[in-house]
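Enquirer:
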Amino acid sequence: MAPITRVAIAGASGALGLVVLKHLVEAGFDVTVLSRAPGKLPAEYASSAKEIVVDYGSKASLEAALRGQDAVVSTLSDFGGYEAQKPLVEAAVSAGVSRFIPSEFGSNLQHPVVRTLPFATLKVEVEEMLIREASSSAHTANPITYTFIYTNIFLDWGLEEGFTADLENKTATLYNGGSTPLSYTRLPTIAQAVVAVLRRPAETANKIVRIHDGILTQKEFLDAIQEVTGPWTIDEDDVVALQARADEAYAKGILNYWVINGWIMRASHSPGFGAGFVENENKLLGLKEHSTDEMKELVRTLVKDIVENKKYRGSFAKALLSARKDSVGA
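When the letters of the sequence shown are read in order and numbered with mature numbering (1 follows the signal peptide of the UniProt record, and there is no 0), they come out as residues -27 to -1, 1 to 303.
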């Protein structure tokens, strides 16, 4: 398989996308940023990457942007972003792109329950689309291949945004007793995985790769935080009941952070859902896998840095609280 040198990235302005962009540029790839509007390319990359404005509603626009590219990396997020990947895949096939990494970067989508959750269904549709295209093009002159990267919980982003714990108010919810082994992954580790996949096209073609920094139970995770901050107020909940409440609100036409959070917690924290990647591709991709003690220290170090340098934004926690008020009892 030919080496990958030219990479187009969609969604480069998001939290994960910015980190992936940085690592792609630093790794020496010829990077093109696909933007919906001009001026989205950060100034520091003006001389090391180029920006092309595309219309996701136009296959011709996307195909023109992707012609000559070896790979597409998508870090598009939310429902609209996941839907936009479909025309992007079609354009990649037509343009002769050889590798597509879709915006997975989360829960284990191979579990049958996870695949039915509304936040995951569009991701699943894109996966199935890529599998079909890879199969049908396998014996053509320009076959397309894919790599699905699963990461489970974003460790650093989750702490900074209040997704896994609210550092400002010292509150968190413990799910199902907090004893389920869970994979936690930092954004730079995900970006390193993307680079490693692109550098190993033959070994990663048409494969699912599970990567992480390491595994902790949720209780171990919250205990490590409290070793830095002091005691917290910890509520308890059950992920099945949480999903049921989210489904009930969704059936009433409500779709907000609180509803989506219910589905994500069901996928990422459920016992038996394979959310702790004991079997993973860290070694294949040259990524360090941290021990339990190393993971606890990593959590403590991140929390100290966030608290001392006032990096806590808590945007997810604030949006979740507001959405909960709108949803409960609706």
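The beta carbon of each residue, even a glycine, is placed where N, CA and C say it ideally should be.
Please look up how many angstroms separate the CB atoms of Gly135 and Ala290, rounded, as I've assumed it's under 8 Å.
Expert: Their Cβ separation, rounded to whole angstroms, is 3 Å, which keeps Gly135 and Ala290 in contact under 8 Å.
Enquirer: Should the segment 120 to 133 be regarded as contacting the segment 66 to 79, the criterion being three or more beta carbon pairs within less than 8 Å?
Expert: Cβ pair count under 8 Å is three or more, so yes.
Enquirer: Is it a yes or a no for the segment 173 to 191 touching the segment 115 to 124, going by three-plus beta-carbon pairs under 8 Å?
Expert: They touch, by the three-pair rule.
Enquirer: Do you know offhand how far Ser67's Cα is from Glu(-2)'s?
Expert: Each residue's Cα considered, the two are about 29 Å apart.
Enquirer: Report yes if the CB atom of Thr48 is closer than 8 Å to the CB atom of Gly1, and no otherwise.
Expert: Cβ atoms of Thr48 and Gly1: not closer than 8 Å.
Enquirer: Apart from the five residues just before and just after Arg173, which ones in its own chain have a Cβ nearer than 8 Å to its Cβ?
Expert: Hits under 8 Å: Leu257 and Leu258.
Enquirer: Between the C-alpha atoms of Ser(-15) and Lys13, what's the straight-line distance to the nearest angstrom?
Expert: If I take the Cα positions, the gap works out to 7 Å.
Enquirer: Decide if Lys268 is buried, meaning its Cβ has at least 16 other Cβ atoms within 10 Å, or exposed.
Expert: The sequence shown places Met at residue 268, not Lys. The residue is buried, with at least 16 neighbouring Cβ atoms inside 10 Å.
Enquirer: Does the contact criterion of 3 or more C-beta pairs under 8 Å hold for the segment 233 to 242 versus the segment 212 to 223?
Expert: Cβ pair count under 8 Å is three or more, so yes.
Enquirer: Indicate whether Val46 and Val99 have their beta-carbon atoms separated by less than 8 Å.
Expert: Not a contact, by the Cβ cut-off of 8 Å.
Enquirer: Kindly give me the distance between the Cβ atoms of Thr146 and Asp210, rounded to whole angstroms, as I take these residues to be in contact under 8 Å.
Expert: About 5 Å separates the two Cβ atoms, so the contact holds.
Enquirer: Please determine, among Gln42, Leu160 and Thr137, the residue with the shortest C-alpha to C-alpha distance to Thr(-23).
Expert: Considering only alpha carbons, the answer is Gln42.
Enquirer: Would Ala240 pass as a contact of Leu39 if the rule is Cβ separation under 8 Å?
Expert: No, the Cβ-Cβ distance between Ala240 and Leu39 is not below 8 Å.
Enquirer: Figure out for me which residue from Arg273, Tyr55, Tyr230 and Thr206 has the closest Cα to the Cα of Asp139.
Expert: Out of Arg273, Tyr55, Tyr230 and Thr206, Thr206 has the C-alpha closest to the C-alpha of Asp139.
Enquirer: Since Asp220 is in the alpha helix (DSSP H), which residue starts that stretch and which ends it?
Expert: Start and end: Val212 to Ala224.
Enquirer: Does the separation of the CB atoms of Leu7 and Val27 fall below 8 Å?
Expert: Contact: yes.
Enquirer: Are Ala93 and Leu82 touching if we call contact CB-CB under 8 Å?
Expert: Cβ atoms of Ala93 and Leu82: closer than 8 Å.
Enquirer: Suppose contacts are defined by Cβ-Cβ distances below 8 Å. Is His185 in contact with Ser152 by that definition?
Expert: Not closer than 8 Å, so no.
Enquirer: So Leu103 is in the alpha helix (DSSP H); what residue range does that whole segment cover?
Expert: Its alpha helix (DSSP H) spans residues Pro91 to Ser110.
Enquirer: Measure the C-alpha to C-alpha separation of Ala57 and Asp51 and round it to an integer number of angstroms.
Expert: For Ala57 and Asp51, the distance between alpha carbons rounds to 10 Å.
Enquirer: Going by the DSSP bridge assignment, what does Val26 pair with across the sheet?
Expert: Paired residues: Ser8.
Enquirer: By a C-beta neighbour count over all protein chains shown, 10 Å radius and 16 as the cutoff for buried, is Val276 buried or exposed?
Expert: Buried, since its Cβ has 16 or more Cβ neighbours within 10 Å.
Enquirer: Comparing C-alpha positions only, which one of Thr190, Ala166 and Thr113 sits nearest to Gly150?
Expert: Answer by Cα proximity: Thr190.
Enquirer: Taking just the CA atoms, how far does Glu63 sit from Ser110?
Expert: When rounded, the distance between both Cα atoms is 12 Å.
Enquirer: Please report how far the alpha carbon of Glu193 lies from the alpha carbon of Leu228, in whole angstroms.
Expert: Cα to Cα, the separation comes out at about 31 Å.
Enquirer: Measure from the alpha carbon of Ala296 to the alpha carbon of each residue in Ser243, Tyr223 and Gly247, then state which is nearest.
Expert: Ala296 has its Cα closest to that of Tyr223, out of Ser243, Tyr223 and Gly247.
Enquirer: For a minimum of 4 consecutive residues, which ranges assigned as the alpha helix (DSSP H) are wholly contained in the segment 229 to 274?
Expert: Taking only runs of at least 4 residues, the alpha helix (DSSP H) segments lying wholly in the segment 229 to 274 are 230 to 242 and 255 to 258.
Enquirer: Near Lys59, what residues of its chain come up, given a Cβ to Cβ distance below 8 Å and the 5 sequence neighbours on each side ignored?
Expert: Glu98, Val99 and Met102, listed in sequence order.
Enquirer: Work out the CA separation of Tyr29 and Leu61 for me, nearest whole Å.
Expert: When rounded, the distance between both Cα atoms is 7 Å.
Enquirer: Mind checking whether Arg273 and Glu200 have CB atoms under 8 Å apart?
Expert: The answer is yes: Cβ separation under 8 Å.
Enquirer: My guess is that Tyr285 and Val212 are in contact by the Cβ rule of under 8 Å, so how many angstroms apart are they, rounded?
Expert: Between Val212 and Tyr285 the Cβ distance is about 25 Å, and since that is not below 8 Å, they are no contact.
Enquirer: DSSP puts Thr158 in a beta bridge; with which residues?
Expert: Beta-bridge pairing links Thr158 to Phe127.
Enquirer: Does Thr177 come out as helix, strand or coil in the three-state DSSP assignment?
Expert: Of the three classes helix, strand and coil, the one that applies to Thr177 here is helix, per DSSP.
Enquirer: Which whole-angstrom value is the C-beta distance of Glu133 and Ile279, which I expect to be below 8 Å?
Expert: Rounded, the Cβ-Cβ distance is 6 Å, consistent with contact.
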